[in-house]
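Numbering (the UniProt record's numbering), first residue to last: 1 to 344.
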């Protein structure tokens, strides 16, 4: 598969396994979806090589409440009955400290902007701050509870409901498999980091150690990088970034866990997680050239991890699940083009 077809495949104009632009099939919630116009790019097409390195990247530090509500309103791609789905920009935290600008902090204003009146939205499912992609909101507590039960039951039966796509520095071997590791949160320099735990005891489990599990499948490769489909079967902070680092293939833009992967004479290895501090991701010269980035620009590279597909329960228990799909951000598409990814 050539580079153009791969980019179309992920960004939404072609649809095999990764899906297209956000759609919903027989979700069984309320009325027909209302499509909202998305912000249009300039009609003047640019070569991605000459364009800014990370187009479409949201700078939350430059936004106030009103501006963020406008951004989120434009990002709503489906509103049906009590459910609202939006395509969250990378870098926007879902929760935070009092006074911080987060998705949760502006939900009352977003509810008003979407014409929901006093029916305030609540978060049902969302990726973390550094990831982009699908956020599922509900203005009905009963609907939110029903969906949470569906997600919990799916995890217990090990049926994935969320599918992410990621671009990794390195190509996982084998090209498909499962990562299973116990993780705990350790505080280092004021940051909570996910750290692997070998052979956890029952006491460890009681003290917060959690067994985590993810499926991965390499969908395309190019220039020593890979487009990877990731399906978490458990929920733990930074689970997917840690799992890819353990495969010696950190996600592009991971400035927290990529430092755990070292290289000597072209061979990769893992540094001890408990003593390795987060630092800016380091990319080799050939990859920097392919991405048209300077070493200093890498510090601003966003995490290339996108929640692009969610399964929802059907109207009745015997109905098959429906799906929600969202295209990747502009900077993700640019990276795909620069790397000229081709399917294995």
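Just so it is clear, CB atoms sit at the ideal spot from N, CA and C, and this is done for glycine as well. These figures come from a predicted structure and were not determined experimentally.
Identity of the residue in the options nearest residue i by Cα
{"i": "residue 230", "options": "128, 297, 305", "result": "305"}
{"i": "residue 298", "options": "310, 284, 308", "result": "284"}
{"i": "residue 244", "options": "237, 236, 235, 257", "result": "257"}
{"i": "residue 157", "options": "71, 234, 175, 52", "result": "234"}
{"i": "residue 322", "options": "91, 120, 147", "result": "147"}
{"i": "residue 183", "options": "93, 64, 204", "result": "204"}
{"i": "residue 269", "options": "314, 81, 149, 247", "result": "247"}
{"i": "residue 107", "options": "128, 163, 73", "result": "73"}
{"i": "residue 180", "options": "314, 69, 199, 89", "result": "199"}
{"i": "residue 293", "options": "338, 314, 224", "result": "338"}
{"i": "residue 64", "options": "83, 79, 313, 92", "result": "92"}
{"i": "residue 137", "options": "159, 118, 111", "result": "111"}
{"i": "residue 154", "options": "334, 311, 276", "result": "311"}
{"i": "residue 120", "options": "237, 196, 144, 127", "result": "144"}
{"i": "residue 196", "options": "314, 78, 276", "result": "276"}
Residue j beta carbon less than 9 Å from that of residue i
{"i": "residue 242", "j": "residue 274", "result": "no"}
{"i": "residue 103", "j": "residue 135", "result": "yes"}
{"i": "residue 226", "j": "residue 168", "result": "yes"}
{"i": "residue 340", "j": "residue 222", "result": "yes"}
{"i": "residue 171", "j": "residue 218", "result": "yes"}
{"i": "residue 81", "j": "residue 165", "result": "no"}
{"i": "residue 177", "j": "residue 151", "result": "no"}
{"i": "residue 54", "j": "residue 300", "result": "yes"}
{"i": "residue 308", "j": "residue 327", "result": "yes"}
{"i": "residue 250", "j": "residue 239", "result": "no"}
{"i": "residue 133", "j": "residue 330", "result": "no"}
{"i": "residue 90", "j": "residue 58", "result": "yes"}
{"i": "residue 71", "j": "residue 85", "result": "no"}
{"i": "residue 286", "j": "residue 271", "result": "no"}
{"i": "residue 194", "j": "residue 127", "result": "no"}
Buried or exposed (CB count within 10 angstroms, at least 16 for buried), residue i
{"i": "residue 264", "result": "exposed"}
{"i": "residue 320", "result": "exposed"}
{"i": "residue 302", "result": "buried"}
{"i": "residue 316", "result": "exposed"}
{"i": "residue 289", "result": "exposed"}
{"i": "residue 210", "result": "buried"}
{"i": "residue 38", "result": "Because residue 38 sits at a pLDDT of 43, beneath the cut-off of 50, its placement in the model cannot be relied upon, and the following sentence gives the value as read from the coordinates. By the 10 Å Cβ count, residue 38 comes out exposed."}
{"i": "residue 281", "result": "buried"}
{"i": "residue 87", "result": "buried"}
{"i": "residue 192", "result": "exposed"}
{"i": "residue 189", "result": "exposed"}
{"i": "residue 201", "result": "exposed"}
{"i": "residue 35", "result": "Annotation note: pLDDT 37 at residue 35 (below 50); position unreliable, coordinate value reported separately. Exposed."}
{"i": "residue 100", "result": "exposed"}
{"i": "residue 83", "result": "buried"}
{"i": "residue 130", "result": "buried"}
{"i": "residue 52", "result": "exposed"}
{"i": "residue 95", "result": "exposed"}
{"i": "residue 333", "result": "buried"}
{"i": "residue 149", "result": "exposed"}
Enclosing alpha helix (DSSP H) for residue i [first to last residue]
{"i": "residue 141", "result": "141-156"}
{"i": "residue 232", "result": "Where residue 232 is concerned, there is no enclosing alpha helix (DSSP H), although the beta strand (DSSP E) it sits in stretches over 225-232."}
{"i": "residue 332", "result": "330-339"}
{"i": "residue 204", "result": "202-206"}
{"i": "residue 348", "result": "No statement about residue 348 is possible, as the shown extent of the chain runs from 1 to 344 and does not include it."}
Range covered by the beta strand (DSSP E) that runs through residue i
{"i": "residue 217", "result": "210-222"}
{"i": "residue 173", "result": "Here residue 173 belongs to no beta strand (DSSP E), and DSSP marks it neither H nor E."}
{"i": "residue 87", "result": "83-88"}
{"i": "residue 323", "result": "322-325"}
{"i": "residue 63", "result": "Where residue 63 is concerned, there is no enclosing beta strand (DSSP E), given that its DSSP letter is neither H nor E."}
{"i": "residue 92", "result": "Counting along the chain, residue 92 falls outside any beta strand (DSSP E), and DSSP gives it neither H nor E."}
Cβ of residue i within 9 Å of any chain C Cβ
{"i": "residue 246", "result": "No chain C is present in this structure, which holds just one protein chain."}
Could you name each continuous beta strand (DSSP E) segment of 3 residues or more that falls completely within the stretch 96-137, going from the start of the chain to the end? With a minimum length of 3 residues, the continuous beta strand (DSSP E) runs that stay inside the stretch 96-137 are 122-125.
Pick out the complete beta strand (DSSP E) segments inside the stretch 225-313, 3 residues or longer, and give them in chain order. Within the stretch 225-313, the complete beta strand (DSSP E) segments of 3 residues or longer fall at 225-232, 261-264, 267-270, 305-312, listed in chain order.
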